[in-house]
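A.B. asks: Below is a structure I'd like to ask you about.
There are 2 protein chains.
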Amino acid sequence: VAKRIGRRPGASGTREQIAEVARRQFADFGYARTTYRGIAREAEVDPALVQHFFGTKNQLFVAVVTLPFDPAAVMPALLGGDPAELGERFVGFVLSMLEQPVAREVLTGLVRAAVTEPEAAVMVRDLITRQVFAPMVDALGMDDAPLRASMLGAQVVGLVMARYVVAVEPLASAGPEQISAALAPVFQRLLAEPLH
Amino acid sequence: VAKRIGRRPGASGTREQIAEVARRQFADFGYARTTYRGIAREAEVDPALVQHFFGTKNQLFVAVVTLPFDPAAVMPALLGGDPAELGERFVGFVLSMLEQPVAREVLTGLVRAAVTEPEAAVMVRDLITRQVFAPMVDALGMDDAPLRASMLGAQVVGLVMARYVVAVEPLASAGPEQISAALAPVFQRLLAEPLH
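Just so you know, the protein sequences line up as chains A and B, in that order.
Sequential numbering from 1 applies to the first sequence in the numbering used here.
Sequential numbering from 1 applies to the second sequence in the numbering used here.
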C-alpha cells in the first residue's frame with residue numbers, strides 16, 4: 001500500500017529498477033534465455049520502455065553487466081604461492097569461472113557483445129589493461145608488462161570464443177583439467193618467463 | 001548487344017552474378033566499406049534483390065567468402081624444414097596473412113560473423129577441424145591431435161579478436177616480429193611438444 005501512496009518513481013528511478021531486474025535475470029537465466037518481455041514483466045513496465053531506456057538486448061546487457069568476481073579479492077591468492085605455478089593457478093581460476101554457468105554467461109556475453117557493441121569492446125579492453133591482467137603482470141615486475149597483459153587477454157578471449165561461441169570440438173567438451181594441463185605452460189610463459 | 005538478344009538470366013544466374021560482385025567488393029574494399037548499394041549498382045540490380053537473395057550483409061559475407069589461401073598449397077612449406085621451428089613458421093604464416101589487408105578482412109570478418117551467424121561458426125569450425133589445423137597436426141603424427149588442432153584454432157581466433165576486433169593495446173599495434181617471438185613457443189608446444 002505504501003508503494004501506491006508514495007510518489008511514482010521518476011525516469012531515473014524506473015531506469016535503475018529495470019537495470020536491477022535485468023542484471024539479476026541475465027545472471028539467473030543467462031543471456032540467451034533473458035528476454036525484454038521477462039524483464040518488463042518483473043519490473044512492471046512496458047517492454048517498449050525497456051527498449052526506450054536501453055536499446056537492443058546487447059546494449060542492455062552491456063549497460064547492466066558486472067564482473068562475476070572482484071579482481072582485488074582474487075589477486076593475492078593468484079600471485080601468492082609458488083612462482084613456478086603462477087600459470088597453473090591463473091588458468092585454473094579462469095577455468096573455474098567458466099565452469100560456473102552465471103560467470104560463464106557473463107564472460108561469454110561480454111566477448112560476444114564486444115564484436116557488435118563498441119561499449120562492450122571498451123569493457124573488455126578495460127578488463128585486460130586495467131582491472132585484471134595488467135595489474136597482475138605489473139605486480140610480478142616483468143618486462144613488456146603491457147604486451148604480456150594484452151596477450152593473456154588474447155588467450156582468455158580465444159578460449160571463450162573457441163570453446164563456447166564457435167564451439168570447436170574437442171575443446172568445447174574437454175574437461176577443465178585437460179585444458180589446464182595444455183594451457184598452464186602458455187600462461188606461465190606469458191606471466192613469468194622471457195618473452196623472446 | 002549479344003547481351004540484350006540472349007535470354008535474361010534466371011534467378012540463379014542473377015544470384016550468382018550478385019555473389020561474384022559481392023565476393024570481389026568484400027576482397028577489394030573490406031567488410032566495413034562494402035555496401036548493399038555498391039554491390040547492387042555494380043551487379044545492375046535493385047538493392048532489395050540483394051537482400052532478397054542473401055539477407056543481412058553478414059549473411060551475404062558468409063555466403064560468398066572464400067579463404068585467402070589454399071591450405072593444400074601452403075601445408076608442405078609449413079610442415080617441411082626444421083621441426084624445431086614449426087611453431088615459428090606457423091605463427092609467421094598466420095601473421096603474414098593478417099598483415100595483408102584483404103586476407104585480414106576476410107579472416108576478421110569470418111571471426112566476427114561467427115558470433116552472430118551459425119553458418120559462419122560452422123565455417124570457422126570447419127577451418128579448424130578439417131581444412132587447416134587438424135590436417136597439419138595429423139601430418140605431424142602427434143597424440144591428442146584433435147585437441148591440439150582446436151587449441152591452435154583458439155590461438156588464432158584469440159589473436160584476431162584481441163588484435164583487430166577488441167583492439168587491445170599494445171597487441172593491436174605491435175609488430176609481427178614481436179608477436180611472433182612471443183607466440184612461436186606457444187604454437188611449437190601445441191604442434192609438436194607433449195601437451196601434459
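Even for Gly, the Cβ is constructed at its ideal location relative to N, Cα and C.
These numbers come from a predicted model, not from an experiment.
Buried or exposed, going by whether 16 or more other CB atoms sit within 10 Å of the CB of B:Val1?
C.D. replies: Reliability of the predicted coordinates at B:Val1 is poor, the pLDDT of 38 falling under 50, and the value obtained from them is presented with this limitation in mind. That one is exposed.
A.B. asks: Does any residue of chain B have a CB that is nearer than 8 Å to the CB of A:Glu117?
C.D. replies: So, not an interface residue.
A.B. asks: Give me the residue from A:Tyr36, A:Ser173, A:Glu20 and A:Thr35 with the minimum Cα distance to A:Leu95.
C.D. replies: Cα-wise, what sits closest to A:Leu95 is A:Ser173.
A.B. asks: From this set, A:Arg112, A:Ala40 and A:Gly87, which residue's C-alpha is nearest A:Tyr31's C-alpha?
C.D. replies: Nearest option by C-alpha distance: A:Arg112.
A.B. asks: Using the three-state DSSP reduction, which class does A:Glu42 fall into: helix, strand or coil?
C.D. replies: The answer is helix: DSSP assigns A:Glu42 an H, G or I state.
A.B. asks: Along the chain, where does the alpha helix (DSSP H) containing A:Thr108 start, and where does it finish?
C.D. replies: Counting along the chain, the alpha helix (DSSP H) containing A:Thr108 begins and ends at Pro101 to Thr116.
A.B. asks: Buried or exposed, going by whether 16 or more other CB atoms sit within 10 Å of the CB of A:Asp70?
C.D. replies: The residue in question, A:Asp70, is exposed, as its Cβ has fewer than 16 Cβ neighbours within 10 Å.
A.B. asks: Please state whether the Cβ-Cβ distance between B:Ala162 and B:Val156 is less than 8 Å.
C.D. replies: Not a contact, by the Cβ cut-off of 8 Å.
A.B. asks: Under 8 Å between the Cβ atoms of A:Leu98 and A:Arg89?
C.D. replies: The answer is no: Cβ separation not under 8 Å.
A.B. asks: Excluding sequence positions up to five away, which residues of its chain have a Cβ less than 7 Å from the Cβ of B:Gly37?
C.D. replies: A quick correction: the sequence has Arg, not Gly, at residue 37 of chain B. Result list for B:Arg37: Pro47, in chain order.
A.B. asks: Give the residues of chain B in contact with A:Gln155, contact being defined as C-beta atoms less than 7 Å apart.
C.D. replies: Ordered by position in chain B, the residues that pass the 7 Å Cβ test against A:Gln155 are Gly158.
A.B. asks: Do you know whose CA, among B:Val160, B:Ala181 and B:Leu195, lies nearest A:Glu193's CA?
C.D. replies: Comparing Cα positions, the closest option is B:Ala181.
A.B. asks: Taking any Cβ of chain A, which residues in the region 78-106 of chain B have a Cβ under 8 Å from it, in chain order?
C.D. replies: Of all residues in the region 78-106 of chain B, none has a Cβ within less than 8 Å of some Cβ in chain A.
A.B. asks: Using a threshold of 8 Å, state whether the C-beta atoms of B:Ala120 and B:Val64 are closer than that.
C.D. replies: Their beta carbons are not under 8 Å apart, which means B:Ala120 does not touch B:Val64 by this criterion.
A.B. asks: Enumerate in chain order the residues of its own chain whose CB-to-CB distance from B:Phe133 is below 7 Å, with the five nearest sequence positions on each side excluded.
C.D. replies: Taken in chain order, the residues that qualify are Ala149, Leu152 and Gly153.
A.B. asks: Counting only beta-carbon atoms, is B:Thr203 nearer than 8 Å to chain A?
C.D. replies: This structure does not reach residue 203 of chain B, given that chain B is present from 1 up to 196, and the question cannot be answered.
A.B. asks: Mind listing the chain A neighbours of B:Leu171? Cutoff is C-beta to C-beta under 8 Å, in chain order.
C.D. replies: Leu147, Ser150, Met151, Gly153 and Ala154, listed in chain order.
A.B. asks: Beta-carbon within less than 8 Å of A:Phe29's beta-carbon, same chain only, minus the 5 sequence neighbours each way: which residues are those?
C.D. replies: The answer, listed in chain order, is Gly38.
A.B. asks: Taking C-beta to C-beta, are B:Leu195 and B:Asp144 nearer than 8 Å?
C.D. replies: Closer than 8 Å, so yes.
A.B. asks: Quick one: is A:Gln100 buried, meaning 16 or more other Cβ sit within 10 Å of its Cβ, or exposed?
C.D. replies: Exposed, because fewer than 16 other Cβ atoms sit within 10 Å of the Cβ of A:Gln100.
A.B. asks: Do A:Pro170 and B:Leu147 have their CB atoms nearer than 8 Å?
C.D. replies: Yes, Cβ-Cβ distance for A:Pro170 and B:Leu147 is below 8 Å.
A.B. asks: A:His196 lies in the alpha helix (DSSP H); which residues open and close that run?
C.D. replies: Here A:His196 belongs to no alpha helix (DSSP H), and DSSP marks it neither H nor E.
A.B. asks: Taking the straight line between their C-alpha atoms, what separation do you get for B:Gln25 and A:Ala184?
C.D. replies: Roughly 43 Å between the two C-alpha positions.
A.B. asks: Hey, would you say B:Val186 sits closer than 8 Å to B:Met123, going by beta carbons?
C.D. replies: Contact: no.
A.B. asks: Does any residue of chain A have a CB that is nearer than 8 Å to the CB of B:Leu195?
C.D. replies: Judged by the 8 Å Cβ criterion, B:Leu195 is in contact with chain A.
A.B. asks: Name, please, each residue of chain A whose Cβ falls closer than 8 Å to the Cβ of B:Val186.
C.D. replies: Here the neighbours are Val186 and Arg189.
A.B. asks: Which bits of chain A does B:Val165 rub up against, with CB to CB less than 8 Å?
C.D. replies: Within 8 Å Cβ-Cβ: Ala114, Val115 and Ala121.
A.B. asks: Any Cβ of chain B within less than 8 Å of the Cβ of A:Val124?
C.D. replies: With 8 Å as the cut-off, A:Val124 counts as an interface residue toward chain B.
A.B. asks: Which same chain residues, not among the five before or five after B:Arg33, have their C-beta less than 8 Å away from its C-beta?
C.D. replies: Correct list: empty, nothing qualifies.
A.B. asks: Please tell me whether B:Met142 has its Cβ less than 8 Å away from any Cβ of chain A.
C.D. replies: No, because no Cβ of chain A sits closer than 8 Å to the Cβ of B:Met142.
A.B. asks: What are the boundary residues of the alpha helix (DSSP H) that B:Ser150 is part of?
C.D. replies: That run of the alpha helix (DSSP H) goes Ala145 to Val160.
A.B. asks: So with CB distances below 7 Å, who are the chain B contacts of A:Val201?
C.D. replies: Only positions 1 to 196 of chain A appear in the structure, and residue 201 of chain A is not among them; the question remains open.
A.B. asks: How would you write the range of the alpha helix (DSSP H) that B:Ala134 sits in, first residue to last?
C.D. replies: First-last of the alpha helix (DSSP H) with B:Ala134: Phe133 to Leu140.
A.B. asks: Give every residue of the same chain whose Cβ lies closer than 7 Å to the Cβ of B:Val91, excluding the five residues on either side of it in the sequence, and list them in chain order.
C.D. replies: So the list reads Ser180, Leu183, Ala184 and Phe187, once near-sequence residues are dropped.
A.B. asks: Would B:Ala162 pass as an interface residue toward chain A - the criterion being a Cβ-Cβ separation below 8 Å?
C.D. replies: Taking Cβ atoms only, chain A reaches closer than 8 Å to B:Ala162, which makes this a yes.
A.B. asks: Rounding to the nearest angstrom, what Cα-Cα distance links B:Arg15 and B:Ala27 in this structure?
C.D. replies: Near 18 Å, if we compare the C-alpha coordinates of B:Ala27 and B:Arg15.
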